[in-house]
Every structure is written in structure tokens, then in C-alpha cells.
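Chains as they are written, first to last, in the working numbering: chain A, 52 to 216; chain B, 1293 to 1856. As C-alpha cells, the structure follows; a few thoughts come after it.
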Amino acid sequence: MAVSRDTIVAILLLAFTALMWNASTEIEVTPYATMASSVWPQIILIGLGIFSGLLLAQSVTTKPSPEAEVEPERLGSMALLARYRNALIIYALFFLFLITLPYLGMLIGATAFVFLALTLLGRLNARMVGVHALIALGSVGSMWAIFTYALHVILPQGEILSNMY
Amino acid sequence: MIFENIALAFGAVFEFRNLFLMTLGVTAGLIAGSIPGFTITMAVVLTLPFTFGLTAVEGLATMIGVFVGGLSGGLMSGMLTGIPGTPSSIATTFDGFPLARSGRPGYALGIGVWSSFFGGIMSAVLLVTLAPRLATIGLEFGPWDYFALVLFALTITASLSGETLIKGIIAGMLGLLVATIGEDDVNGVERFSFGNDMLANGFSFLPVLIGLFAFSQLLSDIQDTETARKPLMDAGDAKGVKVEHWNAIKAIFKSWTNVVRSSLIGVFTGILPAAGGSISNILAYDQAKKASKESHKFGTGHVDGIIAPESANNATAGGALITMMALGIPGDVVTAVMLGALLIHNVQPSPTFIVDNPELAYSIFIAFFLAHFIMIGMQSFCLRAFLLVVRIPMYTLACVILVYCAIGVFALNNIQDDIWTLFIFGVVGYGLRLLGFPLAPMILGVVLGHVAELNLNRAVTISTTGDQFLLDMISRPWSLFFLILASFSLMFPFYQKHRSSKTWTVFFPPVLVLALSIPMFMMDGTVRTVIAFGLIAIAGYLVVKAGRRGFRVDPDDTPLTPPA
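Set out below in C-alpha cells:
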């Protein structure tokens, strides 16, 4: 019998609930005359456990619809990668942007992120690379200026720019 | 006193700087609302960081401008291209697009714009009159009642989110759980930190909200590479269209009953926590079709088919603001963001909000009125801007907005951890979307989690024992009222699914109305007793009406399907 996507999700949710329940038992108990800090999370976790169980039961008892036959998990890994290519590119670039933020700062880091994201997501030719560079410089530069000079928000400068000035 | 407050608020709202900001907000909303895939919520979310440096009145007025503009902007793309700009304008497309295609795009746009205006003005009148009264009722609420109200808000969000009820509830629970991470509000105890400083500090709800909603939405919009690379839409036929204002106003006055009915539907839907314009526009269209003598012409370019959804969706905004201002509970995701904006300015939304902050409260009322006039003025300009914006490919827009989100959430508290929160919840939100979980219940869970826990804690502390707490929950009239609504809202998806096939659905509305009469009888005052008798009479009428049909269901009574 094929396992549906919802079955896997429900099992993962049950495992997550168990993990969080275990963590909730370690919450400090205070001597105050108020409700203990673990009670509310445990009420939520009981509810989450019950409804995850119901989702599991529903996914096992309900027959999949004909459209659901081609679910993502039935696709090959290359097809999956192709389907979520853009999302994966953005996540990878955003992660890089965050990791390098202390060094590059917001101005350089964000410009690089926009330029790379546009270039990887859009068409790759010399003209478009130029257009993407202009969009990245213009959009990030204007936002940086608005926040820095108009809203007086000090955005992360980064080690590179800090060392230059 | 009221006139003094109104005068103060007028002074604040009609300042040049505020008028300029509101015009910018309405314009941005009109353009954002007209772009398919770019929802009003996202527009309001993106406006938020700009409001940090503004006063509370300016910030809220700008956001209201975006909200009102966004609700009206959706009709432009819907009518001119057949693709609704926002879920709130889906039903507008049914008749707006055929009317525009028949050679009268200016007339169709005029009907839409002026219906939005009249619907909005009607809801603004109701906002001014109902919000202070509802706030007076809110002052009667004890912690038990508030806890029950939050439960109702979450259950109705889950049941109206257009997905499976179980997934909606799970999403709501996940949102509540996210809100428990970090230091507990009452005892100051650290929870679920796993030794990590970021988790120990807890998540600010705005980066969570922007991550869950905006980040994941943008990634969904660019999932298909070819679509993402194309211009947003082809609106070539729309060049040279002029809005026919006068003809439109005359046509709307002829259908004034439709405007009033649809606006009331919109306001009522807005008052319900989490039920927004995406539901009210379809509900109003459905009712207008049923009430029309020319129902067979609906879908071919009938004027009433445009008036109903457009009046309703703008009226929903007023309804959502009523709930937010009177009870401190967000009426939908947009008002959840506004609630966040109030918190940034150290204003705590609660039933005492209008009394404690009269200038801000009345400024919101006036700004809501004013935004509709600005919307009418800016519509023609935005039509031209709309034609320019839709030439941009989605991937360009998405990449730029993602960076803007990062800068915006950093500006919130000036800490980089908030950008990590944005990223993490962007991943979570996208994953949940792909797995078919609605995000609205999760967002409401995050927003209302602290309110729920705080009130539960107070209630349990006052009730002293668990048994006494449960007894208090069902013996206090407002608490019982909301618990009954919560129970019925859990059953609502089943009612919707089976209402044209199963006999038990015939009894669902009268039983609900009858059940609500019980807490009304328990309340003090003659008016409420009269309302309780009125509810019994309505229940009786519904049963008699069903009895005349032999308690048979109407097979043509197709269920309302809110857009996902």
C-alpha cells in the first residue's frame, strides 16, 4: 500500500509533538500562585497530538483522488529539484546573505543577493546581466538610503565598509 | 467630549504630511491590489517598516490607506484582464470582465470604483457607531470570556480557511505553540529554548508573520520559471480607458438595495475574526444573484454582479476594524498587522482602547472615511501606473521585495536575529503551503497566543481549581456565548459540505440561533432578554420554513467555496 503525503506529515507531526512534550516536562516550576508555565504549552500539545492523530487516521482511511496520484514524492529527485529550483535558489542565496551579513553589511550583501537571485532566476545573457545589476543597485541603494537617511535606521554596515571608513 | 476628540483627530489626520502619506498609501494599495499574486496583506505588511519613524496616527492612517486602496485595486486587473488582483475581487470578475469585454470597460470600472466607495462609506458609518458600543460590551469581559473569544477566533479561522478543517486547526495549534517559545509573560520562565539564545528571547510576531505570509507567498509566485519570467499580465487592451463616473453613480443609485445589503454582508463578515474580503465578495455576489429578478443574466456583465462584491469587500475592512478597535482581536490578517503597528507605538489594543486613546481611535475612523475619497481621486492615475507595473516580470518583483522584507524586519528591533526568524518562517510557511496547510490560522495563533495564555492564567488563578474554572467557563454568559459559536464553527465545514444533500443541515441554523439565546437570557438587562426572545422567534421561523418544505434540503443550495 502506498503511503500518502498526509500520512508522512501526520507521523512527523506526532513525532514533533512527542519531542515538544518531552521538552515541556523540563520547564521550570515556580512557587507562585499562578498557573504553571508548562500548562498552556501542554494543552496546545495535547490538541496538536489529537488532531495529528486524526489527520493520520483520515489519510489512511481516505482513498487518494486521481489527481493526487502524481504527488511530489512520486517524482524522481531530479524532477523534484527542477520543480522547486527557484525556491531552493532563493533559500540558498538568502542563507548566504544572512551568513555573510556581518562581513558584507546590508548594502553590499543585499545588492549581491538581488543581483545573483535575478541572474539565476532570469534569462542569462549579457544584456540581462547588465539590467539585473542596475536593478540590484537601484532598488537596494534607494531602500538603504530611505532607511538610513529618512527613517534613521542604522542598517548593518559590515566589516568591509567599517574597515574602509 | 466626543466633539473634542473628533476635532483633535481631524487636526491630526488633515495635517499636510499625513494627507501626503495617506495618498501614497492609497496609491501603493491600488497598484499592489491590482497585481495578481500580490495580496493586500502583503502590501500592508510591506508598509509596516515605513511606519516605524512615523507617529501612531500617521502610521495607522497610511496602513488604512493601503488597505482601502488594495481592496479597490483588485478590480482593475479583474475587469481588464479577467485575472483578479486579489482574492477579494474574484466575484467582481464574473460580471466585470464580460462587461468590460462588451466594449464598456470605463463603465465597468466606474461601477466597481463607486461601489467600493459606497460600501466603504457605509462600513465607515457603522465603524464609528458600532465600535464604541462593542467596546462597552467588551468591558464586561472577564478573562474566561476573552479566552473563549480567542478560541472562537481560532476555530472559525480554521473552518473558514478553505482547506481541510483538521489542517486548519493543526496550523492554529502550531501558531499558538510558536507564541509559547521564549520567556513566559506571567512567570518569566524560559520555555522551549533548547539552550539557544535566539529561542530563549522568543520570536517577535511581525518577522514571523512576514516570513510566514510574504516570504512564502513570493516563493510560491515564482515557483514556475517560465511564468515568473513573463510580464505579470498583458493589459494592452486597457490603454485609453476612461472611467465613466457619472453613469456609474446613476446605475448604483438605481441598485441601492443591493449596495446596502452587500455592505451589511461585508461588515458582518469583517466583524467575524479572520473572515475577510475573500469570503464576503462571494457571499454578497451569491445573495445579489438570489435576490435579482434577472439572475439568469449574472455572469454576462450584469451591473448588480459588480456592485455586490465590490461594496462587500470594502465594507469588510470597516467590519475588521470594528473588532480590532473594540475588542483588541484582529478581524483578519491585515488587522493583525495593524495590531502589530499599534504595539510598536506602545498602544495596547483592548476594549479600553477607544477610551484610553481617543485621538488615535477617532483618527482611525476619520482616516478610514478619507481613504475612500482619496481612492476615488487616485483611481484614474493608478490605472496608468497599473499598465506600467504589469510589464515587470514576477521574479524581478519577488527578489526586490524579499530584500525589502529583510531590511524591514531588521528595522523593527535593530537585531539580525529577526532576519533569521524571517528566513526560518519563510521556509516553514512555504512548506506548509505545499502540504496544503492554510496559513491564516497559524498567523492568528501566533498573534493571539499571548492573549489566550494570559487570560487563561488569570482565569485559572481566580477560579482557584480546575473544576471551578470549567464551571465558570460555561456559567458566564459571554464565555458560554463564544464557546457555543466555537463549537458550531467547528461543525460549519461539514454543514457547508452537506447542506444540499443531508437532512440534518436543515436544523443547523435554527439550533445555532436557539443555542445562542441561552447565554443571552443569562445576561443582565431587558434589551438582551428581548434579543434572546428574538433569537427564539428566528429559530422558530427557520424551523417552520423548513417544515413547509417537508424538512427537505434544497439541492440547488450549492455550498459557498471560499478561495484558498
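Think of the CB as a built atom: it goes at the ideal place given N, C-alpha and C, for glycine as much as any other residue. A quick note: this is a predicted structure, and the numbers were derived from the prediction, not measured.
DSSP links G1558(B) through a beta bridge to no other residue. For A1703(B), a Cβ of chain A is located within less than 8 angstroms of the residue's own Cβ. Taken atom to atom, the span from the alpha-carbon of T1753(B) to that of A87(A) is near 10 angstroms. Contact annotation for I205(A) against chain B: N1706 [CB-CB distance below 8 angstroms, chain order]. In this structure, DSSP gives R1844(B) a state outside helix and strand, which the three-state scheme calls coil. According to the DSSP assignment, K1546(B) belongs to the alpha helix (DSSP H) that extends over 1537–1546. The Cβ-Cβ distance between F1507(B) and C1674(B) does not fall below 8 angstroms. Against chain A, the beta carbon of K1459(B) has neighbours under 8 angstroms at L106, listed in chain order.
Using a CB distance cut-off of 8 angstroms, E79(A) counts as an interface residue toward chain B. Collapsing the DSSP output to three states places E1296(B) in a helix. For Y1722(B), at least one C-beta of chain A is nearer than 8 angstroms to its own C-beta. Shown here is that no member of the stretch 1405–1435 of chain B has a Cβ falling below 9 angstroms from a Cβ of chain A.
Think of a sphere of 8 angstroms around the beta carbon of L169(A): the chain B residues whose beta carbon falls inside it are Y1687, T1688, C1691, in chain order. Looking only at L105(A), P92(A), M157(A), the smallest Cα-Cα distance to L65(A) is reached by L105(A). Collapsing the DSSP output to three states places R1725(B) in a helix. Closest by C-alpha distance to F1444(B), out of I1830(B), F1774(B), G1832(B), F1825(B), is F1774(B). Among the CB atoms of chain A, one or more fall inside 8 angstroms of the CB of V1695(B). The distance from the Cβ of F1813(B) to that of A1829(B) is about 14 angstroms, inconsistent with a contact at the 8 angstroms cut-off.
In this chain, the alpha helix (DSSP H) harbouring P1733(B) covers 1732–1755. Between the alpha carbons of S1672(B) and I1323(B) lies a distance of about 11 angstroms.
Of the residues A1348(B), G1562(B), I1571(B), the one whose Cα lies closest to the Cα of N1649(B) is A1348(B). Assignment of alpha helix (DSSP H) within the stretch 125–203 of chain A, counting only whole runs of 4 or more residues, yields 128–134, 136–172, 177–196 in chain order. Interface criterion met: the Cβ of S88(A) is under 8 angstroms from a Cβ in chain B.
Under DSSP, G1474(B) takes part in a beta bridge, and its partners are R1483(B). Put simply, the CB of W72(A) is far from chain B, with every gap to its CB atoms at 8 angstroms or more.
Each of L1827(B), I1707(B), I1646(B) was checked against the Cα of I205(A), and the nearest Cα belongs to I1707(B).
The beta carbons of A1423(B) and S1655(B) sit no closer together than 8 angstroms. The continuous alpha helix (DSSP H) containing D1489(B) extends over residues 1489–1493. In terms of CA proximity to V165(A), F146(A) leads the group F146(A), A74(A), I59(A). When the five nearest sequence neighbours on each side are left out, the beta carbons in the same chain lying within less than 8 angstroms of the beta carbon of L152(A) are those of G160, P207, G209, in order along the chain. Under the three-state reduction of DSSP output, P1523(B) falls in the strand class. With 16 or more neighbouring CB atoms inside 10 Å of its own CB, W195(A) falls in the buried class. Relative to the Cα of P1769(B), the nearest Cα in the group V1720(B), V1559(B), V1360(B), I1810(B) belongs to I1810(B). Proximity of G98(A) to chain B, defined by a Cβ-Cβ separation below 8 angstroms, is satisfied. Per DSSP, D1516(B) lies in no alpha helix (DSSP H) segment and is marked neither H nor E. CA-to-CA, the gap between F1308(B) and D1764(B) works out to about 52 angstroms.
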